[in-house]
Amino acid sequence: MAPRAAVVDLDGTLLHGDTLLPGARDAMAAIRERVEHVVFLTNNPTIPPEAYAARLRDLGVEAAPDEILTACTATIAYLRAHHADDAVFAIAADAIVDQLRDAERDLVADPAAAECVVVGYDPGFDYDDLHAALRALRDGVGFVGTDPDRTIPTADGPIPGSGAIVNAVAGVVERDPDAVLGKPSRETAELLLDRLGVPAEQCVLIGDNPETDIVMGERVGMTTVRVRTGIDGGRRSENEERADHVVADLGAAAALLD
Numbered sequence: 001m002a003p004r005a006a007v008v009d010l011d012g013t014l015l016h017g018d019t020l021l022p023g024a025r026d027a028m029a030a031i032r033e034r035v036e037h038v039v040f041l042t043n044n045p046t047i048p049p050e051a052y053a054a055r056l057r058d059l060g061v062e063a064a065p066d067e068i069l070t071a072c073t074a075t076i077a078y079l080r081a082h083h084a085d086d087a088v089f090a091i092a093a094d095a096i097v098d099q100l101r102d103a104e105r106d107l108v109a110d111p112a113a114a115e116c117v118v119v120g121y122d123p124g125f126d127y128d129d130l131h132a133a134l135r136a137l138r139d140g141v142g143f144v145g146t147d148p149d150r151t152i153p154t155a156d157g158p159i160p161g162s163g164a165i166v167n168a169v170a171g172v173v174e175r176d177p178d179a180v181l182g183k184p185s186r187e188t189a190e191l192l193l194d195r196l197g198v199p200a201e202q203c204v205l206i207g208d209n210p211e212t213d214i215v216m217g218e219r220v221g222m223t224t225v226r227v228r229t230g231i232d233g234g235r236r237s238e239n240e241e242r243a244d245h246v247v248a249d250l251g252a253a254a255a256l257l258d
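Note that the UniProt record's numbering has the sequence shown beginning at 1, numbered continuously upward.
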C-alpha cells in the first residue's frame, strides 16, 4: 500500500483523552515520512482546530490547525454552504457556540427568531432546551446536528454525546435532522477530500471505530484500517468486516504503508 494521504482519527487511535497512546508519536512520524498529506479527524465538536494542534505539538506530534478537521469545523462549513445568511439558534455547549460566533454565524438567543437550529454536545442540556427546540423548529427552519455520537468514551465509562441530544430534539419535534455532520457523513468526507487535495483511492483512513471511521472511509472509496486501541478494547462490530485491514495499533498501521 502506497497512499499519498493519511487520515488519522484522534481519540482511540492516537490519543486516549489528553494522553498519547503507546508508540503513537513514533507511528505518526513514520506515517508522515510515507505520505504527502495528513489530516487528523475527530467527532469532538468542542475543541477548535487551533487548540487541538497545540495539544498535539505539546505531546511531540507535528500538527497544524489546517490539518485538524472536527465535527464543528464540518458543521460550520455546512452552515456556510446551506444557511449562509440564516439566523442560527444553538442548543450546544458554550465551546461550540463560541466557534460558531468566531465563524461569524448570525447567532440569536430567541428560539422564535431561528432560521436554523444547530444541536450538539451540551452537558447542561435540560427540559428548557427541549422546549426551546419546540419553539425554534417551525416549518422551514433548518435542523443540523454536529455529529452522531450518542456516547463519548471516558476513563469512567461512557457519557451522553451530541447524538443523544440530537435524537432527543428529533423525538420531541417529530422530525429528523436535515444533516448530521462529523463522521461518517458524506458532507464531512467531501470536506476532508477537498482539504487533502488527493483522490479518495489514494488515501488511507486509520481509526478505531467501525461505525464512524470505517463506514466513512468505505463510503468515499478510501483504504480503511481499523486499530484495536479504542476504549472499547477492540470489541468486534459487524462493520469491522468492512475494514480493509485490522491491526493492533497505529504503529502496525504505519507499517502497512511501506
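Backbone N, C-alpha and C define an ideal beta-carbon position, used for all residues, glycine too. Model, not experiment: these values are computed from the prediction.
Determine the closest residue to residue i out of the options, with distance taken between C-alpha atoms.
i           : options                       : result
Arg138      : Ala113, Ala54, Met216         : Ala113
residue 262 : Ala30, Phe125, Ala170         : Any question about residue 262 goes unanswered here, given that the chain covers just 1 to 258.
residue 263 : Asn43, Pro45, Ala29           : For residue 263 there is no data in the structure shown, the boundaries of the chain being 1 and 258.
Ala64       : Pro184, Pro48, Asp194, Arg105 : Pro48
Tyr78       : Thr19, Arg25, Gly142, Tyr127  : Gly142
Asp94       : Val225, Asp122, Ala27         : Asp122
Val204      : Glu115, Leu250, Asp26, Gly23  : Leu250
Ile165      : Val198, Leu256, Asp129        : Asp129
Leu15       : Tyr52, Pro3, Arg4, Ile31      : Tyr52
Pro184      : Arg25, Thr42, Ala27           : Thr42
Leu100      : Glu115, Gly124, Cys72, Ala109 : Cys72
Val198      : Val39, Ile206, Pro22          : Val39
Ala2        : Gly23, Arg25, Ile31, Ala27    : Ile31
Asp194      : Thr146, Glu67, Asp213, Gly124 : Glu67
Less than 8 Å separating the beta-carbons of residue i and residue j?
i      : j      : result
Val7   : Leu192 : yes
Ala253 : Gly221 : no
Val61  : Ala92  : no
Pro111 : Thr70  : no
Gly17  : Thr229 : no
Ala243 : Met216 : no
Ala103 : Val117 : no
Leu107 : Ala132 : no
His245 : Leu256 : yes
Buried or exposed for residue i, going by 16 or more other Cβ atoms inside 10 Å?
i      : result
Arg80  : exposed
Asp208 : buried
Arg105 : buried
Gly161 : buried
Asp126 : exposed
Thr75  : buried
Ile96  : buried
Gly140 : exposed
Would you say residue i lies against chain B (beta-carbon separation less than 8 Å)?
i      : result
Val166 : Protein chain content of the structure displayed is limited to a single chain, and chain B is not contained in it.
Completely contained beta strand (DSSP E) runs for the segment 36 to 85, where each covers 3 or more residues: Qualifying beta strand (DSSP E) stretches, in chain order: 37 to 42, 68 to 70.
Contiguous alpha helix (DSSP H) assignments of at least 4 residues, all confined to the segment 183 to 213: DSSP runs (the alpha helix (DSSP H)) wholly in the segment 183 to 213: 186 to 196.
The segment 150 to 157 touching the segment 170 to 186, judged by at least three CB pairs closer than 8 Å: no
Inter-stretch contact (C-beta, 8 Å, three-pair minimum) for the segment 75 to 89 and the segment 34 to 41: Fewer than three beta-carbon pairs drawn from the segment 75 to 89 and the segment 34 to 41 are found closer than 8 Å, and the two stretches are therefore not classed as touching.
Whole runs of the beta strand (DSSP E) within the segment 132 to 163, excluding any shorter than 3 residues: 142 to 145
Within the segment 4 to 32, ranges of the beta strand (DSSP E) (whole runs, at least 3 residues): 5 to 9
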